[in-house]
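Participant: This is the structure, below, for whatever I ask next.
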Amino acid sequence: MAVTTVRDRTAGRLLYLVVGLAGFVTTLDNTVVTVALPSIQQDLAARLPSLEWVATGYIMTFAGLMLAGGRVADVHGNRRAMICGLLVFTAASLAAGLAAHIGALIAARLVQGVGAALTLPATLAVLAGQDERRRSQGVAVWMAAGAGALALGPVVGGYLSQHAHWSWVFLINVPIGLATIGLTLVAVPGRAGRAAGPRLDLRGLASSAVVLAAGTFALIHGPQYGWTSPVIVAMAAAALVAAVVFVAVERRAADPMVDPALFRSKVFTGGVLAQVLWGLGVNGVFFFTAIFLQGVLGFSPTAAGVAFVPLALLVVLVTPLAPMVERRLGPGHTVALGLVMVAAGMALVAFLRPGDGWAQLLPAVCLIGAGSALTMPLGSAVLGAAPEGRGGIAGGVFTVSREISGLFGIALIGVIVHEAGTFSYGYALGLLAAALLVVVGALISLAALP
1 MAVTTVRDRT AGRLLYLVVG LAGFVTTLDN TVVTVALPSI QQDLAARLPS LEWVATGYIM
61 TFAGLMLAGG RVADVHGNRR AMICGLLVFT AASLAAGLAA HIGALIAARL VQGVGAALTL
121 PATLAVLAGQ DERRRSQGVA VWMAAGAGAL ALGPVVGGYL SQHAHWSWVF LINVPIGLAT
181 IGLTLVAVPG RAGRAAGPRL DLRGLASSAV VLAAGTFALI HGPQYGWTSP VIVAMAAAAL
241 VAAVVFVAVE RRAADPMVDP ALFRSKVFTG GVLAQVLWGL GVNGVFFFTA IFLQGVLGFS
301 PTAAGVAFVP LALLVVLVTP LAPMVERRLG PGHTVALGLV MVAAGMALVA FLRPGDGWAQ
361 LLPAVCLIGA GSALTMPLGS AVLGAAPEGR GGIAGGVFTV SREISGLFGI ALIGVIVHEA
421 GTFSYGYALG LLAAALLVVV GALISLAALP
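Position 311 of the sequence shown, counting from 1, maps to 311 under the working numbering, and the rest follow consecutively.
Structure below.
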């Protein structure tokens with residue numbers, strides 16, 4: 001019995017390590033490249049539009065193929081999907097680091113996103129198959145790893161670009177990817193997928209990819225081209241048409257990619273909605289925060305970057321404590337408490353004025369970081385509500401809701417900032433609007449989660 005217990009604990013720790021590494025490396029590439037762009041521009045003689053594709057190409061294929069990646073995991077097995085995704089991601093990272101011209105780098109970034117879209121939903125699907133305790137702890141590790149990656153991305157990218165070469169921004173993924181593949185082979189059980197032997201819904205896969213990829217393109221490049229420009233209108237129209245096709249296809253499919261039964265679960269639907277509202281608020285506002293800190297509060301670029309570190313550290317430190325709070329308060333009350341804390345921190349930032357400094361900013365940042373950590377039960381509840389064999393698509397829906405809601409948030413808050421007249425006033429209004437969205441998410445959590 002003692003030997004079995006030790007083996008179970010070791011297996012659990014290895015699984016958490018796999019989840020953490022997979023979440024870390026795929027999230028890191030959202031931000032690590034941004035600081036390296038000037039070095040890439042100089043070395044590869046790249047123009048600004050090409051640099052924008054280097055920065056956003058990964059996000060487009062990552063978000064655009066997330067649902068497809070989740071369904072691949074359900075059909076072909078979680079371990080197989082994870083290993084394939086990590087192999088693609090690692091090979092594309094190597095190609096990006098060795099790229100000799102900008103076109104090759106952009107192509108490698110697009111393929112990196114494909115690998116990440118296969119990897120991350122399968123990682124969450126592995127957690128969906130665990131008991132409640134392991135699932136909660138696994139989601140906590142995943143969230144902490146993602147927060148650490150977001151905070152360390154600009155720091156790592158800046159250091160490597162300055163002291164080594166910009167190529168190491170991508171090459172650093174290679175040893176991490178290979179280590180994660182090896183651990184996956186050991187820690188993740190091999191399965192052939194669902195016993196019923198479902199087939200991939202290719203029409204659903206294709207239409208969902210068009211919805212997400214075209215919508216992501218429109219949201220990312222809307223401010224650059226103009227929201228009424230022909231290319232953005234065409235992309236938005238393509239996303240809308242593809243969404244109608246997707247719904248029609250899924251209603252008729254014998255084995256749909258996204259089973260409508262998922263959304264009949266109050267826990268699943270409520271958890272996804274709360275996640276969307278959190279993403280709309282928090283991610284939308286933080287896009288403009290660096291400008292606010294430097295242009296209004298007078299922070300240096302370095303100090304503005306450091307301002308995000310306490311937030312990420314608190315997410316990392318508080319997330320492991322969230323399961324204990326959840327056991328005392330229940331998932332719904334824990335998530336609602338966290339979202340209210342996030343909204344309160346955002347409201348505090350809205351009332352900062354020129355001349356304010358760290359003493360005024362730090363309490364708000366700490367509230368947002370600790371509150372975000374307490375939203376961890378959202379992921380566990382959504383994955384736990386998924387029927388057997390649907391963990392991959394549940395993980396895909398949850399993660400894509402996080403990515404897309406952030407892009408929608410940037411667009412929404414950007415409109416508020418633009419229409420307000422002055423940046424400072426518009427940023428404050430945007431913060432308060434975002435805080436209201438987060439509070440609505442808290443109310444949904446109370447109603448939907450146990």
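All C-beta atoms, glycine included, are put in the ideal place defined by N, C-alpha and C.
Tell me the rounded alpha-carbon separation between Ile220 and Ala179.
Facilitator: The count along the sequence shown starts at 1 and reaches residue 220 at position 220. The count along the sequence shown starts at 1 and reaches residue 179 at position 179. Whole-angstrom Cα-Cα distance: 33 angstroms.
Participant: Which of the three DSSP states is assigned to Glu388 in this structure?
Facilitator: On the sequence shown, residue 388 is found 388 positions in, with the first residue counted as 1. Secondary structure of Glu388 (DSSP, three-state): coil.
Participant: Would you mind reading off the limits of the alpha helix (DSSP H) that contains Trp168?
Facilitator: Along the sequence shown, read from residue 1 onward, the residue named residue 168 stands at position 168. Here the alpha helix (DSSP H) through Trp168 covers Trp168 to Leu171.
Participant: Would you call the CB atoms of Ala145 and Ala81 closer than 8 angstroms?
Facilitator: Numbered from 1 along the sequence shown, position 145 holds the residue referred to as residue 145. Numbered from 1 along the sequence shown, position 81 holds the residue referred to as residue 81. In this structure, Ala81 does not lie closer than 8 angstroms to Ala145 by Cβ.
Participant: With a Cβ-Cβ cutoff of 8 angstroms, do Ala304 and Ala290 count as a contact?
Facilitator: By 1-based counting over the sequence shown, the position of residue 304 is 304. By 1-based counting over the sequence shown, the position of residue 290 is 290. Yes, the Cβ-Cβ distance between Ala304 and Ala290 is below 8 angstroms.
Participant: Count Cβ pairs between the region 69-87 and the region 42-52 that sit closer than 8 angstroms; are there 3 or more?
Facilitator: no
Participant: Thinking just about the alpha-carbon of each residue, which of Leu127, Ala344, Leu443 and Leu120 is nearest to the one in Gly371?
Facilitator: Position 371 of the sequence shown, counting from 1, holds the residue named residue 371. Gly371 has its Cα closest to that of Ala344, out of Leu127, Ala344, Leu443 and Leu120.
Participant: In or out: Phe263 buried (at least 16 other Cβ within 10 Å) or exposed?
Facilitator: One-based indexing of the sequence shown puts residue 263 at position 263. Classification for Phe263: exposed.
Participant: With distance defined between alpha-carbon atoms, name the residue in Ala447, Ala91 and Val415 nearest to His333.
Facilitator: What you label residue 333 is simply residue 333 of the sequence shown in a count that begins at 1. Closest by alpha carbon: Ala447.
Participant: May I have the straight-line CA-CA distance separating Leu200 from Ala95, to the nearest angstrom?
Facilitator: Residue numbering aside, residue 200 sits at position 200 when the sequence shown is read from its first letter. Residue numbering aside, residue 95 sits at position 95 when the sequence shown is read from its first letter. Between Leu200 and Ala95, the C-alpha separation is close to 29 angstroms.
Participant: Just to confirm the assignment: which complete alpha helix (DSSP H) runs, minimum length 4, are found wholly within the region 378-438?
Facilitator: 391-419
Participant: Closest to Ala104 by C-alpha separation, out of Phe268, Gly57 and Ile416, would be which residue?
Facilitator: As a working mapping, residue 104 is identified with position 104 in the sequence shown. The shortest Cα separation from Ala104 among Phe268, Gly57 and Ile416 belongs to Gly57.
Participant: Please work out which residues of its chain come closer than 7 angstroms, Cβ to Cβ, to Ala63, disregarding the five sequence neighbours upstream and downstream, and give them in chain order.
Facilitator: Locating residue 63 in the sequence shown gives position 63, counting from the first residue. For Ala63, where only same-chain residues beyond five positions count, the Cβ hits under 7 angstroms are Leu212, Thr216, Val400, Glu403 and Ile404.
Participant: Between the alpha carbons of Met66 and Ala248, how many angstroms are there, rounded?
Facilitator: If you number the sequence shown from 1, residue 66 lands on position 66. If you number the sequence shown from 1, residue 248 lands on position 248. Straight-line measurement puts the Cα of Ala248 at about 20 angstroms from the Cα of Met66.
Participant: Which value, in whole angstroms, describes the spacing of the CA atoms of Leu431 and Val282?
Facilitator: One-based indexing of the sequence shown puts residue 431 at position 431. One-based indexing of the sequence shown puts residue 282 at position 282. Each residue's Cα considered, the two are about 9 angstroms apart.
Participant: Give every residue of the same chain whose Cβ lies closer than 7 angstroms to the Cβ of Leu16, excluding the five residues on either side of it in the sequence, and list them in chain order.
Facilitator: If you number the sequence shown from 1, residue 16 lands on position 16. One detail in the question is off: residue 16 reads as Tyr in this sequence, not Leu. Counting only Cβ-Cβ distances below 7 angstroms, and skipping sequence neighbours, we find Gln137, Gly138 and Val141.
Participant: Please name the residue in Ala107, Pro363, Leu152 and Val72 whose C-alpha comes closest to that of Val309.
Facilitator: Here residue 309 corresponds to residue number 309 of the sequence shown, with the count starting at 1. Nearest C-alpha to Val309: Leu152.
Participant: If you follow the alpha helix (DSSP H) that Val72 is part of, which residue opens it and which one closes it?
Facilitator: What you label residue 72 is simply residue 72 of the sequence shown in a count that begins at 1. That run of the alpha helix (DSSP H) goes Met66 to His76.
Participant: So, are the CB atoms of Leu383 and Ala394 less than 8 angstroms apart?
Facilitator: Position 383 of the sequence shown, counted from the first residue, corresponds to residue 383. Position 394 of the sequence shown, counted from the first residue, corresponds to residue 394. It is a contact, given that the beta carbons lie within the stated cut-off.
Participant: Out of Thr119, Ser424, Met376 and Ala239, which has the shortest C-alpha to C-alpha gap to Phe292?
Facilitator: Stepping through the sequence shown from its first residue, residue 292 is reached at position 292. Nearest option by C-alpha distance: Ser424.
Participant: In chain order, what residues of the same chain have a beta carbon less than 7 angstroms from the beta carbon of Arg203, not counting five sequence neighbours either side?
Facilitator: Here residue 203 is taken as the residue at index 203 of the sequence shown, counted from 1. So the qualifying residues of the chain are Val249.
Participant: Is the beta carbon of Gly306 less than 8 angstroms from the beta carbon of Val169?
Facilitator: One-based indexing of the sequence shown puts residue 306 at position 306. One-based indexing of the sequence shown puts residue 169 at position 169. Checking the sequence, you will find Val at residue 306 rather than Gly. Cβ distance not < 8 angstroms, so Val306 and Val169 don't count as in contact.
Participant: Quick one: what does DSSP say Gly331 is sitting in, helix, strand or coil?
Facilitator: The residue labelled residue 331 in the question sits at position 331 within the sequence shown. Before going further, note that residue 331 is Pro rather than Gly in the sequence given. Secondary structure at Pro331: helix, using DSSP grouped into helix, strand and coil.
Participant: Does His165 come out as helix, strand or coil in the three-state DSSP assignment?
Facilitator: As a working note, residue 165 is residue 165 in the sequence shown. His165: coil per DSSP, three-state reduction.
Participant: Taking the alpha carbon of Met346 as the reference point, which residue from Val438, Leu277 and Gly271 has its own alpha carbon closest?
Facilitator: Working through the sequence shown from its first residue, we reach residue 346 at position 346. Closest option to Met346, Cα to Cα, is Val438.
Participant: Ala254 lies in the alpha helix (DSSP H); which residues open and close that run?
Facilitator: Here residue 254 is taken as the residue at index 254 of the sequence shown, counted from 1. Counting along the chain, Ala254 falls outside any alpha helix (DSSP H), and DSSP gives it neither H nor E.
Participant: Keeping to the same chain, check which residues put their C-beta closer than 7 angstroms to that of Glu111; ignore five residues upstream and five downstream.
Facilitator: Residue numbering aside, residue 111 sits at position 111 when the sequence shown is read from its first letter. Looking at the sequence provided, one finds Val at residue 111 rather than Glu. Excluding sequence neighbours, Val111 sits near Val88 and Ala92.
Participant: At the level of alpha carbons, what is the spacing between Gln224 and Val233?
Facilitator: On the sequence shown, residue 224 is found 224 positions in, with the first residue counted as 1. On the sequence shown, residue 233 is found 233 positions in, with the first residue counted as 1. Straight-line Cα distance between these residues: approximately 13 angstroms.
Participant: Among Leu339, Met324 and Gly226, which has the Cα closest to the Cα of Gln275?
Facilitator: Taking the first residue of the sequence shown as position 1, residue 275 is located at position 275. Out of Leu339, Met324 and Gly226, Leu339 has the C-alpha closest to the C-alpha of Gln275.
Participant: Tell whether a beta-carbon distance below 8 angstroms holds between Arg460 and Met257.
Facilitator: Beyond the ends of the chain as shown, which are 1 and 450, falls residue 460; an answer cannot be given.
Participant: Identify the continuous alpha helix (DSSP H) that holds Gln360 and give its terminal residues.
Facilitator: Looking up residue 360 in the sequence shown gives position 360. Residues Trp358 to Ala373.
Participant: First and last residue of the alpha helix (DSSP H) that includes Val211?
Facilitator: Counting from one through the sequence shown, the residue named residue 211 turns up at place 211. Counting along the chain, the alpha helix (DSSP H) containing Val211 begins and ends at Leu202 to Tyr225.
Participant: According to the neighbour-count rule (16 or more other Cβ atoms, all chains shown, within 10 Å of its Cβ), is Arg135 buried or exposed?
Facilitator: For the purposes of this step, residue 135 is taken as residue 135 along the sequence shown, with counting starting at 1. Label assigned to Arg135: buried.
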